[in-house]
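Colleague: I'd like to ask you about the structure that follows.
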DNA sequence: GGTGTGCATTGAACTAGATTAAGAAATCAG
DNA sequence: CTGATTTCTTAATCTAGTTCAATGCACACC
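Protein chains in written order, with this note's numbering: chain D, 1 to 192; chain U, 1001 to 1192.
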């Protein structure tokens, strides 16, 4: 049950068995049916989660009521609104399950306790957020400099499992284009 | 000399005089003429800096040789490539001074020493990177969902001093549009 | 078994923004 | 002060991507 999350945190720091035991004892296991909102605009994000199984989407709603998908979450990904969680201020994000999803979650309290009892986790979480920042910067750069078709090709190469699991218009939203145009791009690629 | 940086770090955590003394003793002061590259693609970023005075731009170069500006830096801003600095891996970014610039800088070693001697700084740096992530996510969201004119208006409202200090085509690059189109937008706004 | 309801595709008309080119204005080096 | 270089503007043409239908498709649901 803890295999995948252990492997995930062990990637950057090596832990002793006792440290992992503390880690496990502080994790809360959660099963959530599909189409459930884990977080809404205006709410304070009271969890940080690791996806054991399932699929989620994190999105904004713009002033015209349009959804813009910021990221998908699948197995072995971390989930939450870091700023809202740590500063305990209202989030602007929505997080919704797309499939039935199993998670390990922390509350602010249990995370703090973990960091207190096993300070090495500071490094794990710092690396996570650094990688998240680098990935977001990279995506911003590409959404500015690359045409939609290349962004799409890169997306399916990077996340080959996602197109089979989520409606296509979610991917269009993630790429910042209309569903019709994504359909046209796909038609064009298929012809080759 | 340390006034502004002290105010900056004190915003999120309160420090004692002795702690600030340690902090100051580890900062290196640096004066850099304009049009100097502080970091290049392929280099490992060996500094994290705070801008006392001056102006910088951080940018990528895409596969066609086009520059895309990721952010500007002015007084009271932090500078660097967080991931490259901490993981000591090659950066994909360029950082260049636009004006003569004065900085305080850390090396990886001095930053580590600071964190060791005054662990409260962990929190300061974590908050900085969290805010950076939230701002970058927000910008990605807007670059996907808002038209260029609104993004421009928001930019000049948020950073009123920058348009007076940097060439206009840098702002176009930051907004992800061509300089000609930005000029058109400005013409249109001025007419009203 | 029908019948909604959400999803993908296709095409036509449209628009935001790119590209190219040329001239005007500003800035800089000597 | 002067020529050179960089920057900004304007206008014409072009294109990536949108919007607005209409149609077909695949299910879930009773």
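For each residue, glycine too, the CB sits at the ideal point set by N, CA and C.
Compare the beta carbon distance of residue 58/D and residue 103/D with 8 angstroms and say whether it is the shorter of the two.
Modeller: For residue 58/D and residue 103/D, no; Cβs fall outside 8 angstroms.
Colleague: Looking only at its chain, what residues have a beta carbon closer than 6 angstroms to the beta carbon of residue 1182/U, apart from the 5 residues adjacent to it on each side?
Modeller: Taken in chain order, the residues that qualify are 1172.
Colleague: Hey, would you say residue 1140/U sits closer than 8 angstroms to residue 1095/U, going by beta carbons?
Modeller: No, these two residues do not count as a Cβ contact at 8 angstroms.
Colleague: Could you have a look at residue 1007/U and say whether DSSP puts it in helix, strand or coil?
Modeller: Looking at residue 1007/U - three-state DSSP - the assignment turns out to be helix.
Colleague: With 16 as the cutoff for other CB atoms within 10 Å, does residue 150/D come out buried or exposed?
Modeller: Its Cβ having fewer than 16 others within 10 Å, residue 150/D is exposed.
Colleague: Identify whether residue 118/D lies in helix, strand or coil by the three-state DSSP scheme.
Modeller: In the structure shown, residue 118/D sits in coil (DSSP, three-state: anything other than H, G, I, E or B).
Colleague: For my contact list, residue 1131/U and residue 83/D are in at a C-beta cut-off of 8 angstroms; report their separation, rounded to the angstrom.
Modeller: Their Cβ separation, rounded to whole angstroms, is 7 angstroms, which keeps residue 1131/U and residue 83/D in contact under 8 angstroms.
Colleague: Considering only residues of the same chain and omitting the five flanking positions on each side of residue 1023/U, which have a CB-CB separation below 7 angstroms?
Modeller: Excluding sequence neighbours, residue 1023/U sits near 1114 and 1118.
Colleague: State buried or exposed for residue 1076/U, treating a residue as buried only when at least 16 other CB atoms are found within 10 Å of its CB.
Modeller: Its Cβ having fewer than 16 others within 10 Å, residue 1076/U is exposed.
Colleague: Of the residues 45/D, 10/D and 137/D, which one's Cα is nearest the Cα of residue 121/D?
Modeller: Here the closest residue by C-alpha is 10/D.
Colleague: Run the CB neighbour count on residue 1081/U, radius 10 Å, all protein chains shown included, and call it buried at 16 or more, exposed below.
Modeller: Burial call: buried.
Colleague: Of the choices 1158/U, 1055/U and 1060/U, whose alpha-carbon is the least far from that of residue 1166/U?
Modeller: Out of 1158/U, 1055/U and 1060/U, 1055/U has the C-alpha closest to the C-alpha of residue 1166/U.
Colleague: Strictly by DSSP, which residues pair up with residue 55/D?
Modeller: Beta-bridge pairing links residue 55/D to no other residue.
Colleague: Grouping DSSP H, G and I as helix and E and B as strand, with all else coil, what is residue 35/D?
Modeller: Residue 35/D falls in the coil class under three-state DSSP.
Colleague: My assumption, with CB atoms under 8 angstroms, is that residue 128/D sits in contact with residue 78/D. Please give the rounded CB distance.
Modeller: That pair is a contact at about 6 angstroms.
Colleague: Can you tell me the Cα-Cα spacing of residue 60/D and residue 1125/U, whole angstroms?
Modeller: Looking at the two C-alpha atoms, the distance is approximately 26 angstroms.
Colleague: Pick from 47/D, 44/D, 105/D and 40/D: whose alpha carbon is nearest that of residue 25/D?
Modeller: When each option's Cα is compared against that of residue 25/D, the closest is 105/D.
Colleague: Any beta-carbon of chain D closer than 8 angstroms to the one on residue 1117/U?
Modeller: Chain D contact via Cβ: absent.
Colleague: Along chain D, in chain order, which residues have C-beta atoms closer than 8 angstroms to that of residue 1010/U?
Modeller: In chain order: nothing, as chain D lies at least about 17 angstroms away.
Colleague: For residue 99/D, report the span of its alpha helix (DSSP H) as first-last.
Modeller: Note, residue 99/D: premise wrong, no alpha helix (DSSP H); not H, not E.
Colleague: Taking the beta carbon of residue 14/D as the centre, do at least 16 other beta carbons fall within 10 Å, making it buried, or is it exposed?
Modeller: Exposed, since its Cβ has fewer than 16 Cβ neighbours within 10 Å.
Colleague: Give the residues from the stretch 152 to 173 of chain D that approach chain U closer than 7 angstroms (Cβ to any Cβ), ordered along the chain.
Modeller: Hits within the stretch: zero.
Colleague: Between the C-alpha atoms of residue 2/D and residue 8/D, what's the straight-line distance to the nearest angstrom?
Modeller: Distance between the alpha carbons of residue 2/D and residue 8/D is about 10 angstroms.
Colleague: Quick check on residue 105/D - is its C-beta less than 8 angstroms from some C-beta in chain U?
Modeller: Cβ-Cβ to chain U under 8 angstroms: no for residue 105/D.
Colleague: Starting from residue 176/D, find everything on chain U with Cβ-Cβ shorter than 8 angstroms and list it in chain order.
Modeller: Simply 1143, 1144 and 1145.
Colleague: Comparing alpha-carbon positions, which option in 123/D, 86/D, 98/D and 64/D lies nearest residue 1146/U?
Modeller: It is 64/D.
Colleague: What's the gap between the Cα of residue 1034/U and the Cα of residue 1175/U?
Modeller: Rounded to the nearest angstrom, the two C-alpha atoms are 23 angstroms apart.
Colleague: What is the residue span of the alpha helix (DSSP H) that residue 176/D lies within?
Modeller: Residue 176/D -> no alpha helix (DSSP H), and no H or E assigned at all.
Colleague: Any C-beta of chain U sitting closer than 8 angstroms to the C-beta of residue 14/D?
Modeller: By this cut-off, residue 14/D is not an interface position.
Colleague: Please return the same chain residues whose Cβ sits closer than 6 angstroms to the Cβ of residue 1179/U, not counting the five positions on each side in sequence.
Modeller: Here the set comprises 1169 and 1172.
Colleague: Report the option in 1108/U, 1091/U, 1184/U and 1074/U whose CA atom is closest to the CA atom of residue 1004/U.
Modeller: For residue 1004/U, the nearest C-alpha among the options comes from 1074/U.
Colleague: Which residues, taken in chain order from the stretch 46 to 64 of chain D, show a beta carbon closer than 7 angstroms to some beta carbon of chain U?
Modeller: The residues in question are 60 and 62.
Colleague: Between which two residues does the beta strand (DSSP E) harbouring residue 1068/U extend?
Modeller: Residue 1068/U -> beta strand (DSSP E) spans 1067 to 1074.
Colleague: Checking contacts by CB at 8 angstroms: is residue 136/D closer than that to chain U?
Modeller: So, interface residue.
Colleague: Counting only Cβ pairs nearer than 8 angstroms, list the residues of chain U close to residue 133/D.
Modeller: Under the 8 angstroms cutoff, chain U gives 1082, 1083, 1129, 1132, 1133 and 1136.
Colleague: Residues in its own chain within less than 8 angstroms of residue 1108/U by CB, not counting five upstream and five downstream?
Modeller: Cβ within range, chain order: 1046, 1085, 1086 and 1088.
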